[in-house]
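Let me begin by presenting the structure, written as structure tokens, before commenting on it.
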Amino acid sequence: MADALGVPGLIMGGAIALFAVALVVGMVVRAVRAPRGQRMRGAFGPLAGAGEVYQELHTGQRGLQDSIIESIQEQEHGGQTTNDRKHTR
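Once you know that position 82 of the sequence shown is 86 in the working numbering, the rest is easy, because the numbers rise by one and skip nothing.
Structure, rendered in structure tokens:
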């Protein structure tokens, strides 16, 4: 199988495996360092944030966090939008 892929294929496969190992190690370290009761959030928070940014860039819409912040601001100010980062099309 290695002969069919050649050396570039092995290097690319090794780079992907190394990246995956780095992600797993980083998640484990963040989970261990996080306070009790927030370990899952601590471990998977960066992945969720990256997914949200990807979705914002891919769809052109605001992410969940921006929507929640805007909703809270509207409730506090009686329905007036105070978020200047509003996307218009």
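Note that beta-carbon positions come from the ideal geometry of N, C-alpha and C, so glycine has one too.
In chain order, Glu-56 place their CB closer than 7 angstroms to the CB of Leu-68, counting only its own chain and leaving out the 5 sequence neighbours on each side. Taking C-beta atoms as the reference points, Ala-52 and Ala-35 fail to come closer than 8 angstroms.
Secondary structure note for His-62: its alpha helix (DSSP H) is the uninterrupted segment 43-63. In this structure, the straight-line span from the alpha carbon of Leu-61 to that of Ala-54 is close to 11 angstroms.
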